[in-house]
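Okay, so here's the structure we're looking at.
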């Protein structure tokens, strides 16, 4: 039996963060993480794009349900400027995560998560957790736990509907219409 | 009587944890029911039933999940020499489908489950109390989300009688 899936340092105490509760309108913390192919990737590299930032793990069964949806959404909205970014919260080897992602047909970048990025995003304790970030780098929504595909796509469309302030966008155009989903009380 | 007391303790633990929870931020737990002193004679063995209760609405993977990617529930115990715990017997998991994967069966524990530990005391053991300590490692999910692996401390005492 190979217990390949683990979580990043579970014994540590998460650092306090202001990114709790309703995140809409807040600036998404920038990060620099390593991709499965060894590149350093920053969130700010995607400024001007709508980003679906998905925290997941190989041992998370509900996460597997969403991944084919993300693959479809990436194809469907790529031309409109959507980038799905996966953040793997396993502490297993990158090749095993890469193999899993390959088997799932993932067509978007997958980055290796760290405790710091978890802290920066409000101590990610539930998987899957997704953040929807507009083209200006601000949150328009957050989804904790498995959501319906329609809810995910609605959030994606809200992120895409935003326009970068200060670029080719008049200042009086709304940046985005936020939305948020939280898991139901169990 | 001991079983009733243990269940009462488990119920108290869960009542306290439920009060502390906020909607949408509940934390999975697996509680361990206290075990009375285990009496073993030198040269003898004892089967110790270790009772656990998974928090409401949660499940944890069994010791033999159907996928290598899933994290099995594992008990790791350390006994003070010369007492040893050579064997742990895990229950079979229950094959269950969940809404997030209706076509897939996961082998899980939910509610109450027990692990049997075989305690062995060599013939030359001196009389006295020998603690056995350890942790239950588990990774829980509910119907919509999974939670990072956690541990529950486990402890009981083996009392070796004089010859």
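Protein chains in written order, with this note's numbering: chain G, 1 to 186; chain R, 1001 to 1163.
Don't be surprised by glycine CBs; every beta carbon is placed ideally from N, CA and C.
If you're wondering where the values come from, they're calculated on a predicted model, not measured in any experiment.
- For the pair residue 1032 of chain R and residue 1137 of chain R, the Cα-to-Cα distance works out to about 12 Å.
- Within the stretch 74-134 of chain G, the complete alpha helix (DSSP H) segments of 4 residues or longer fall at 94-103 and 115-120, listed in chain order.
- In this structure, residue 160 of chain G lies away from residue 1145 of chain R, with their beta-carbon atoms at least 8 Å apart.
- The DSSP assignment places complete beta strand (DSSP E) segments of no fewer than 3 residues inside the stretch 1068-1127 of chain R at 1074-1079, 1084-1089, 1094-1098, 1101-1109 and 1112-1120, in order along the chain.
- Using a Cβ-Cβ cut-off of 8 Å, residue 126 of chain G is close to 1145, 1146 and 1147 of chain R, given in chain order.
- Straight through space, the alpha carbons of residue 122 of chain G and residue 82 of chain G are spaced by roughly 23 Å.
- When the beta-carbon positions are compared, residue 88 of chain G and residue 113 of chain G come within less than 8 Å of each other.
- DSSP places residue 1141 of chain R in the strand class (E or B) of the three-state scheme.
- At a Cβ-Cβ threshold of 8 Å, residue 1131 of chain R and residue 1157 of chain R count as neighbours.
- For residue 1056 of chain R, the secondary structure class from DSSP, reduced to helix, strand or coil, is coil.
- Legend: CB atoms of the stretch 141-159 of chain G lying less than 9 Å from CB atoms of chain R belong to residues 144, 145, 146 and 147.
- DSSP places residue 31 of chain G in the coil class of the three-state scheme, outside both helix and strand.
- Put simply, of R/1149, R/1116, R/1055 and R/1063 the residue whose alpha carbon is nearest the alpha carbon of residue 58 of chain G is R/1149.
- Inclusion of residue 1062 of chain R and residue 1043 of chain R in the CB contact set at 8 Å is not warranted, their separation being larger than that value.
- Between the alpha carbons of residue 1104 of chain R and residue 1098 of chain R lies a gap of roughly 8 Å.
- Considering only G/106, G/46, G/41 and G/150, the residue with the shortest C-alpha distance to residue 56 of chain G is G/106.
- No residue range can be given for residue 43 of chain G, since it is assigned to no beta strand (DSSP E) and is classified by DSSP as neither H nor E.
- According to DSSP, residue pairing for residue 1150 of chain R in a beta bridge involves R/1138.
- The DSSP-derived three-state label of residue 1129 of chain R is strand.
- Residue pairing by DSSP places residue 1046 of chain R opposite R/1119 in a beta bridge.
- In its chain, beyond the 5 residues on either side, 1037, 1039 and 1129 have a beta carbon closer than 6 Å to the beta carbon of residue 1159 of chain R.
- Bounds of the alpha helix (DSSP H) holding residue 161 of chain G are 149-161.
- Distance between residue 1058 of chain R and residue 1050 of chain R, taken at the CA atoms: about 19 Å.
- A residue is called buried once 16 or more other Cβ atoms fall within 10 Å of its Cβ, and residue 61 of chain G is buried on that count.
- DSSP places residue 65 of chain G in the helix class (H, G or I) of the three-state scheme.
- Distance check between residue 1091 of chain R and each of R/1076, R/1080, R/1072 and R/1114 places R/1114 closest, using alpha-carbon atoms only.
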